[in-house]
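Novice:
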Amino acid sequence: MADRGIAGMTHREIARTAGVSLASTTYHFASKFDILAAASQEMLDEDTLLLPRDDAAGPSGKGGTGCPRSWLVEFLIKVGREQRVRSACWTEIMLDAPRHPESLALARRWFAAAAKVWSEWAFSSGGDDNELAVRSYGDITVGLLLFVLVLRPTEDDLRAVFDGGEDPLDRWGHGEKASAAKPARLSGKSAVTREAILTATLDELVSKGQTAIGLKAMASKAGLSPSGAFYHFPTTASLIEAAQHRLFENAKDRYRIVASLERGEESLERLIDRTTVIFFREATEYALESLAIYRVWLEASRQPSLQSAIWADIADQHSAWRRLLTPISSSLRPLDPLLSQALFTGKLIRLVASGSRTEDLAHVRREFAHDLTMISSGRFWV
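In terms of the working numbering, the sequence shown opens at residue 27 and continues consecutively.
Printed below as a string of structure tokens:
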């Protein structure tokens with residue numbers, strides 16, 4: 027799962043990795059989903075990934091070894107090293123959960139149990155254990171987990187940003203961020219062909235995942251010959267990159283529509299309202315499209331050829347958050363836009379993986395109000 031993603035899992039590959047016969051895998055698990063369900067059950071019911079240990083509480087002063095901030099930094103360091111495989115598997119399961127009722131139920135139970143652990147630990151470590159702060163702990167952790175898997179910052183990179191005050195755009199980008207490649211100007215039949223292939227790929231990304239995509243398969247899905255796909259997209263990675271960029275641009279267009287409805291000076295209340303409206307659309311009407319973006323981000327952790335394009339999109343989001351926060355914050359840190367971005371991402375994964383239930387959506391504005399107020403006033407827990 028960590029190496030190929032859920033869509034790339036097969037009985038044959040699992041048998042090879044496990045060193046057993048193909049017949050053994052089909053005997054114990056009739057379908058791939060049976061294997062996935064068993065793995066999900068084990069990880070989401072028993073794994074303590076993302077959760078503090080019982081002995082994690084310690085000095086509660088800011089920066090102390092037991093405070094939430096210090097635990098988060100140490101956890102992210104582990105994600106980049108010994109916890110990388112299990113972190114990738116956990117994220118794969120969560121991003122896939124809305125497509126299977128059984129996985130959806132598991133995700134709901136995991137997040138419910140996690141909230142209790144976070145609350146108890148926050149109280150014992152001297153942190154804020156109210157429900158808004160507890161959700162903040164979890165959402166930030168999930169969002170940053172994905173960023174670390176994708177961008178692969180080293181321990182030094184993480185400490186430079188969280189402890190040294192460096193800008194993640196400078197430190198984690200490792201050079202000038204690349205813009206997504208734009209296709210040459212096309213006209214007539216050529217433009218129609220490219221769009222048909224891209225549309226088929228978008229549908230596949232949303233419904234099955236990026237590892238189900240291949241040039242020949244997408245050409246066939248679009249009703250075209252394989253040569254049509256190879257002409258416009260020389261590699262599968264270039265096709266996935268173009269599809270991911272289209273998904274990202276579509277999301278940005280939805281953001282712009284909401285922003286265009288507002289007039290006047292930026293304020294904290296405007297930012298909270300706008301963020302909530304955008305979040306509601308992404309978590310309901312466009313839920314699967316939103317998670318498809320994150321699945322491609324996760325795929326970039328396995329395919330270096332996708333890294334620059336994904337970095338460009340993440341950096342674009344970061345810059346947008348910085349522009350929004352600057353007018354309303356008197357002491358904005360380089361880290362704060364990243365935290366806002368991670369909150370939105372982690373919250374979206376949590377709610378969509380749990381089925382975007384009304385009772386969860388009802389808390390979203392209060393959660394954003396709590397966290398964005400703390401971030402803009404320099405009182406956030408990280």
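Ideal Cβ positions, reconstructed from N, Cα and C, are used throughout, including at glycine.
Under 8 Å by Cβ, that's how I've got P363 and W337 pegged, so tell me the actual separation to the nearest angstrom.
Specialist: Position 337 of the sequence shown, counted from the first residue, corresponds to residue 363. Position 311 of the sequence shown, counted from the first residue, corresponds to residue 337. Contact doesn't hold; Cβ gap of about 15 Å is too wide.
Novice: Which residue spans inside the region 254 to 309 form an unbroken alpha helix (DSSP H) run of at least 4?
Specialist: 262 to 286 and 294 to 309
Novice: Under 8 Å between the Cβ atoms of E315 and L350?
Specialist: Translated into the one-based positions of the sequence shown, residue 315 becomes position 289. Translated into the one-based positions of the sequence shown, residue 350 becomes position 324. Their beta carbons are not under 8 Å apart, which means E315 does not touch L350 by this criterion.
Novice: What residue does the alpha helix (DSSP H) around V99 start on, and which one ends it?
Specialist: For this step, residue 99 is matched to residue 73 along the sequence shown. First-last of the alpha helix (DSSP H) with V99: P94 to V105.
Novice: Any heavy atom of the ligand SAH within a distance shorter than 7 Å of the CB on V322?
Specialist: This structure lacks the ligand SAH, and indeed carries no ligand of any kind.
Novice: Can you give me the C-alpha to C-alpha distance between S86 and C93, rounded to a whole angstrom?
Specialist: Counted from its first residue, the sequence shown places residue 86 at position 60. Counted from its first residue, the sequence shown places residue 93 at position 67. For S86, the predicted model reports a pLDDT of 46, less than 50, meaning its position is unreliable and no value from the coordinates is stated.
Novice: Taking L170 as the reference, give the member of E157, V390, L184 and A159 with the closest Cα.
Specialist: Translated into positions along the sequence shown, residue 170 becomes position 144. For L170, the nearest C-alpha among the options comes from L184.
Novice: Relative to the C-alpha of A65, which residue among F101, E100, R95 and M27 is closest?
Specialist: Mapped onto the sequence shown, residue 65 falls at position 39. Looking from the CA of A65, the closest CA among F101, E100, R95 and M27 belongs to M27.
Novice: I'd like the span of the alpha helix (DSSP H) that includes L364, first residue to last.
Specialist: The count along the sequence shown starts at 1 and reaches residue 364 at position 338. L364 -> alpha helix (DSSP H) spans D362 to A379.
Novice: Under 8 Å by Cβ, that's how I've got R280 and R307 pegged, so tell me the actual separation to the nearest angstrom.
Specialist: Against the sequence shown, residue 280 aligns to sequence position 254. Against the sequence shown, residue 307 aligns to sequence position 281. The Cβ separation is near 6 Å, so the contact holds.
Novice: Is the region 103 to 122 in contact with the region 190 to 200, if contact means three or more CB pairs nearer than 8 Å?
Specialist: no
Novice: Just verifying my parser: in three-state terms, what is the DSSP assignment at A222?
Specialist: On the sequence shown, position 196 is the one that residue 222 refers to. Three-state DSSP puts A222 in a helix.
Novice: When you compare only the Cα positions, how much space is there between A268 and A245?
Specialist: Taking the sequence shown and counting its residues from 1, the one referred to as residue 268 is at position 242. Taking the sequence shown and counting its residues from 1, the one referred to as residue 245 is at position 219. When rounded, the distance between both Cα atoms is 15 Å.
Novice: What is the DSSP secondary structure of M27, reduced to helix, strand or coil?
Specialist: Start at 1 with the first residue of the sequence shown, and residue 27 comes out as number 1. DSSP places M27 in coil when its eight states are reduced to three.
Novice: Ignore the nearest five residues each way along the sequence and tell me which others in L231's own chain have a CB closer than 6 Å to its CB.
Specialist: Your numbering for residue 231 matches position 205 in the sequence shown. The answer, listed in chain order, is A269 and A318.
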